[in-house]
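Chemist: Could you have a look at this structure, given as C-alpha cells, before my questions?
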Amino acid sequence: MKTFRDKVAVITGGASGLGRQFANVAAREGMKLVLADVQSDALDRATEELRAQGASVIGRLCDVRKSEQVQALADAAVAEFGAVHLVFNNAGVGSGGLIWENTEADWEWVMGVNVWGVIHGVRIFTKLMLASAAQDPAFEGHIVNTASMAGLVNTPAMGVYNVSKHAVVSLSETLYHDLQLVEAPIGASVLCPYFVPTGISQSHRNRPEDVRMTAGPTASQLAAQVMTDKAVSSGKVSAEDVAETTFKAIAAGQFYIYSHPEALTGVRERMEHIVAGDNPADPYTHAPQLREILRAKIKGAKQ
C-alpha cells in the first residue's frame, strides 16, 4: 500500500495506546478514520481531538469478541466513507500468572479479544476489501494484526497471553500466504511490539462482566502483574515510535514489524532449539536475575 491520503483506516482499540497513535499518523497522512473501542469516554475524547485537527473520523463502541459488533463496525465504515483500505486489528488485553492458575474466564476474555477479535476482523474486512478490489482495479489495501514478541517466545507466568499472541502470528502469516495465493491487491503485516508504555498492563480495568474474575488474584498473577507493570512503564520505545515504524512498514510491504529488533535474540535461540529437537530454551539466559525476582515474588506472595 503506497498511498494513504483519502484512504479509509479502521482501528480497533483506537482510543488509547498504540491504536490512538495509529490514528494520529493516519490523520496526518490525510486518511479518513473509523475508531473502535470499548471505552466510551476515551473513544469520544479521541474522536473529538482528531476532528479538531481536521480529520474525518467516526467512533463506534465495539467489543471485538462479538462478531455482530465487528460486522456493525464494517457496515458503519462503508456507510460513512464507502470503502475500507487499511485495517488495524489492534485491540488487545493481557493476563498473567502460572498457566494452570488461569481460570476459564481468564481464557475466555483474553482469547476472545486477542484471538477472536482478530479472527472477526480478518474474516469480515478481508472479504469487504476483496469486494472493493473487484470493482476498482486501482484498489490497494493492507491489514495489520497486532501480536507481540510474546507471539514468538514463551515467557513464564504469561501463558494465556502467550497462547493468544502465537495464534495471531500464525493467523497473520496464513493470511499473508492466502492473499499472495489469490494475487489480491491487499498486503498483510504482523506487529510484534515488546515492552511499550501503553495501557495493556492495566487492561483489566475494562474486563467485561461476563468474564469477570470471581476470586482474588493468585500469588503468581500478582507477581506477573508487578513485573509487567514495571517492564511496560519503563519502556524506552514509545507508542508514537511504533506507529511511525508501522506506517513505514506498510508502505514498504513489510510483513514482520518489530518495535525492539534487539529482542529477536531470544526468538533466534528458541528456533534453534526447536530445529535441534532440544528442550525449550531458557527465556532467562541473558537475564537470570529476572527469574529469581519473579520466583521470589511468587513465593513471597504465598506467605
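To convert, take the position in the sequence shown, counting from 1, and add 327; that gives my numbering. C-beta: ideal position from N, C-alpha, C; glycine also.
Between which residues of its own chain and Ile-451 is the CB-CB distance below 6 angstroms, once the five residues before and five after are set aside?
Modeler: For Ile-451, where only same-chain residues beyond five positions count, the Cβ hits under 6 angstroms are Val-397, Gln-398 and Ala-401.
Chemist: Where Ala-403 and Leu-362 are concerned, what is the direct C-alpha to C-alpha distance, given to the nearest angstrom?
Modeler: If I take the Cα positions, the gap works out to 11 angstroms.
Chemist: Say whether the region 536-548 touches the region 416-429, bearing in mind that this needs 3 or more beta-carbon pairs closer than 8 angstroms, one atom from each stretch.
Modeler: Flag = yes, the region 536-548 and the region 416-429 touch.
Chemist: Could you give the C-beta distance for Asp-390 and Val-365, rounded to a whole number, given that I count them as a contact under 8 angstroms?
Modeler: Their Cβ separation, rounded to whole angstroms, is 6 angstroms, which keeps Asp-390 and Val-365 in contact under 8 angstroms.
Chemist: Could you tell me which uninterrupted beta strand (DSSP E) segments, each at least 3 residues in length, are contained entirely in the region 557-624, listed from first to last along the chain?
Modeler: Within the region 557-624, the complete beta strand (DSSP E) runs of at least 3 residues are 583-585.
Chemist: What beta strand (DSSP E) runs, 3 residues minimum, are completely inside the region 330-383?
Modeler: Those beta strand (DSSP E) runs which fall completely within the region 330-383 and span 3+ residues are 335-339 and 359-364.
Chemist: Pick from Leu-455, Asp-537 and Cys-519: whose alpha carbon is nearest that of Val-569?
Modeler: Among Leu-455, Asp-537 and Cys-519, the Cα nearest to that of Val-569 is on Cys-519.
Chemist: Can you give me the start and stop residues for the beta strand (DSSP E) that Leu-413 sits inside?
Modeler: Segment 413-416, the beta strand (DSSP E) holding Leu-413.
Chemist: If contact is defined by three or more beta carbon pairs under 8 angstroms, each pair taking one atom from either stretch, is the region 600-613 in contact with the region 377-395?
Modeler: The region 377-395 is not in contact with the region 600-613.
Chemist: Assuming Ile-577 contacts Met-328 (C-beta within less than 8 angstroms), just tell me the rounded distance between them.
Modeler: Right, their Cβ atoms sit about 5 angstroms apart.
Chemist: Tell me which same chain residues have a C-beta within less than 7 angstroms of the C-beta of Glu-567, skipping the five on either side of it?
Modeler: Around Glu-567: Gln-348.
Chemist: What is the residue span of the beta strand (DSSP E) that Thr-473 lies within?
Modeler: Segment 468-473, the beta strand (DSSP E) holding Thr-473.
Chemist: Give me the residue from Val-337, Lys-359 and Glu-431 with the minimum Cα distance to Leu-388.
Modeler: The option with the nearest alpha carbon to Leu-388 is Val-337.
Chemist: Out of curiosity, what's the CA-to-CA distance linking Ser-459 and Met-476?
Modeler: Whole-angstrom Cα-Cα distance: 33 angstroms.
Chemist: Determine the closest residue to Thr-430 out of Val-440, Met-456, Gly-448 and Gly-486, with distance taken between C-alpha atoms.
Modeler: Comparing Cα-Cα distances from Thr-430 to each of Val-440, Met-456, Gly-448 and Gly-486, the minimum goes to Gly-486.
Chemist: How would you write the range of the alpha helix (DSSP H) that Val-495 sits in, first residue to last?
Modeler: That run of the alpha helix (DSSP H) goes 486-508.
Chemist: Out of Ser-491, Asp-433, Thr-482 and Val-471, state which residue places its alpha-carbon closest to the alpha-carbon of Trp-443.
Modeler: It is Ser-491 whose Cα lies nearest to the Cα of Trp-443.
Chemist: Excluding the 5 residues preceding and the 5 following Thr-525 in the sequence, name in chain order all residues of the same chain whose CB lies nearer than 8 angstroms to its CB.
Modeler: Hits under 8 angstroms: Ser-343, Gly-344, Leu-345, Val-559 and Ala-566.
Chemist: So, Ala-551 versus Ala-484, is the Cβ gap smaller than 7 angstroms?
Modeler: Going by C-beta atoms, Ala-551 is nearer than 7 angstroms to Ala-484.
Chemist: Drop a sphere of 10 angstroms on the beta-carbon of Asp-433, count the other beta-carbons inside from all chains shown, and report buried for 16 or more, exposed for fewer.
Modeler: Under this definition Asp-433 is a buried residue.
Chemist: To the nearest whole angstrom, what separates the beta carbons of Phe-574 and Val-352, a pair I think is in contact under 8 angstroms?
Modeler: Confirmed, Cβ separation roughly 5 angstroms.
Chemist: Between the beta-carbon of Ala-494 and the beta-carbon of Leu-502, is there less than 7 angstroms?
Modeler: In this structure, Leu-502 does not lie closer than 7 angstroms to Ala-494 by Cβ.
Chemist: Looking only at C-alpha atoms, which of His-447, Glu-428 and Glu-435 sits nearest to Asn-416?
Modeler: Nearest C-alpha to Asn-416: His-447.
Chemist: Taking C-beta to C-beta, are Lys-454 and Phe-408 nearer than 7 angstroms?
Modeler: Not closer than 7 angstroms, so no.
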